[in-house]
Structure formats: C-alpha cells, structure tokens
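> Handing you a structure now.
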Amino acid sequence: MNIQDEIKYQEAKKRVQKIKGFYTHLLVYILVNLMIIVLNFKDLAPGESYFQFKNFMTAFFWGIGLVAHGFSVFVPQWFLGNDWEERKIKEIMEKEKQNKWE
Numbered sequence: 001m002n003i004q005d006e007i008k009y010q011e012a013k014k015r016v017q018k019i020k021g022f023y024t025h026l027l028v029y030i031l032v033n034l035m036i037i038v039l040n041f042k043d044l045a046p047g048e049s050y051f052q053f054k055n056f057m058t059a060f061f062w063g064i065g066l067v068a069h070g071f072s073v074f075v076p077q078w079f080l081g082n083d084w085e086e087r088k089i090k091e092i093m094e095k096e097k098q099n100k101w102e
C-alpha cells in the first residue's frame, strides 16, 4: 500500500468513526428517552395528560444537541463536497508556488 492509499484509508477510517459515533449517540438518545417515558407514565395521576412540555424537556434539549452532532457529521460532505479539503490544499499550494516565483 502506498502513502496516498494509506492517507485515504486513514481518512475513511476517521469518517466511519464519526458516523459510528453519531449512530451510537442516536441509539442512546432513543433508549434513554424511552426509559424516561416509561417512568413518567408510571407517575401520572389518573386523568392527567402525558403530553406536557415538562415530560419532553430532556428529549427536546438533547435533541438539539443530537441535530448539531448530525450536522457536524453529515452536512460538511453535502455543503463543501467530498474532496473540498483536497482541492483547498492544492489551491493554497499553487498560490504559494506562484508567490515564490514572483
């Protein structure tokens, strides 16, 4: 395996770890919030509605963090493109090469 292949492999490995981290976060979010729902249902008074903001505060605020985590993992690929970093590096190297010759 040459150096370029090794670099690509390490980048892909890092990307997979980020995606795996997001899915782990999502799974924990779902499981914890399901447990909160079950525990809250046990404590309801007869005739009381479960659908109150206080019962969804954890899910709401943690959900904001989960969305931010998802954006950090998936949006840069859509927004900047898959090879944005590589193109930017080449652009900067070209500018420096041109400045060196002037």
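The opening residue of the sequence shown carries number 1 in full-length UniProt numbering; numbering runs sequentially from there.
Where a beta carbon is used, it is the ideal one built from N, C-alpha and C, also for glycine.
Within the continuous alpha helix (DSSP H) that includes Gln4, where are the two ends?
As a working mapping, residue 4 is identified with position 4 in the sequence shown. Gln4 -> alpha helix (DSSP H) spans 3-42.
> Rounding to the nearest angstrom, what Cα-Cα distance links Tyr9 and Glu48 in this structure?
By one-based count along the sequence shown, residue 9 stands at place 9. By one-based count along the sequence shown, residue 48 stands at place 48. Going from the Cα of Tyr9 to the Cα of Glu48 covers about 55 Å.
> Given 8 Å as the limit, is there contact between the stretch 82-99 and the stretch 53-69, that is, 3 or more CB pairs closer than that?
Too few Cβ pairs lie closer than 8 Å, so no.
> Report yes if the C-beta distance between Lys18 and Val67 is below 8 Å; otherwise report no.
Taking the sequence shown and counting its residues from 1, one reaches residue 18 at position 18. Taking the sequence shown and counting its residues from 1, one reaches residue 67 at position 67. The answer is no: Cβ separation not under 8 Å.
> Go ahead and pull the three-state DSSP assignment for Gln98.
For this step, residue 98 is matched to residue 98 along the sequence shown. Helix, per DSSP.
> When the Cα atoms are used, what is the spatial distance from Val16 to Phe22?
Here residue 16 refers to the residue found at position 16 when the sequence shown is read from its first residue. Here residue 22 refers to the residue found at position 22 when the sequence shown is read from its first residue. So the alpha carbons of these two residues sit roughly 10 Å apart.
> CB Ala59 to CB Asn40, shorter than 8 Å?
One-based indexing of the sequence shown puts residue 59 at position 59. One-based indexing of the sequence shown puts residue 40 at position 40. When the beta-carbon positions are compared, Ala59 and Asn40 stay at least 8 Å from each other.
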